[in-house]
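Trainee:
The following block contains the structure:
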């Protein structure tokens, strides 16, 4: 009886790209929810505040998942550094965004939200365009 273990085949880089795509899609979807609840707040429907606050927590979780997916795309998959840098910026910006919102600094909260959407959209567009050029040699 042989006790030699069969070596595990490493996951292909495409798996990590799809993982990153799924994470950034989830992040974008949660941000859409946040914008919808923010619109209700601007319209004077303050019953949406608990939804908006809960959405902020979910946004942090999903942003963290996106950051981990971007790191996995970078190192095991040997992918580009760009999505990792942008994901780290989006994660940090999201925390600052929550701070501003919870302290009712709305004149900064709203523009930072727009910047956050730009960063996440950038990563989203990047992950879905020409995946072959994203991998390092």
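Residue numbers (this note's numbering): 535 to 671. For glycine and all other residues, C-beta sits at the position ideal for the given N, C-alpha and C.
1) Specify the secondary structure class of residue 613 as computed by DSSP and reduced to three states.
2) Assess, as a yes-or-no matter, whether the segment 588-606 is touched by the segment 619-633 under the definition of 3 or more beta carbon pairs within less than 8 Å.
3) In angstroms, rounded to a whole number, what distance separates the CA positions of residue 567 and residue 658?
4) Closest by CA to residue 634, which one among 574, 590, 615, 553?
5) What residue range does the alpha helix (DSSP H) around residue 548 cover?
6) Within 10 angstroms of its Cβ, does residue 677 collect 16 or more other Cβ (buried), or is it exposed?
7) Taking the alpha helix (DSSP H) that residue 652 belongs to, which residues open and close that run?
8) Just the C-alpha distance for residue 652 and residue 612, rounded to the nearest angstrom, thanks.
9) With a threshold of 16 other CB atoms inside 10 Å of the CB of residue 607, please say whether the residue is buried or exposed.
Mentor: This is what the structure gives:
1) Residue mapping note: residue 613 aligns to position 79 of the chain shown, counting from 1. Three-state result, residue 613: strand.
2) yes
3) Indexing the chain shown from 1 puts residue 567 at position 33. Indexing the chain shown from 1 puts residue 658 at position 124. About 17 Å.
4) Here residue 634 refers to the residue found at position 100 when the chain shown is read from its first residue. Cα-wise, what sits closest to residue 634 is 590.
5) The sequence position of residue 548 within the chain shown is 14, counting from 1. Residues 547-576.
6) Residue 677 lies beyond the range of the chain shown here (535 to 671); nothing can be said about it.
7) For the purposes of this step, residue 652 is taken as the residue at position 118 of the chain shown. Residue 652 -> alpha helix (DSSP H) spans 640-661.
8) Along the chain shown, one-based indexing puts residue 652 at 118. Along the chain shown, one-based indexing puts residue 612 at 78. Cα-Cα distance, rounded: 25 Å.
9) Position 73 of the chain shown, counted from the first residue, corresponds to residue 607. That one is buried.
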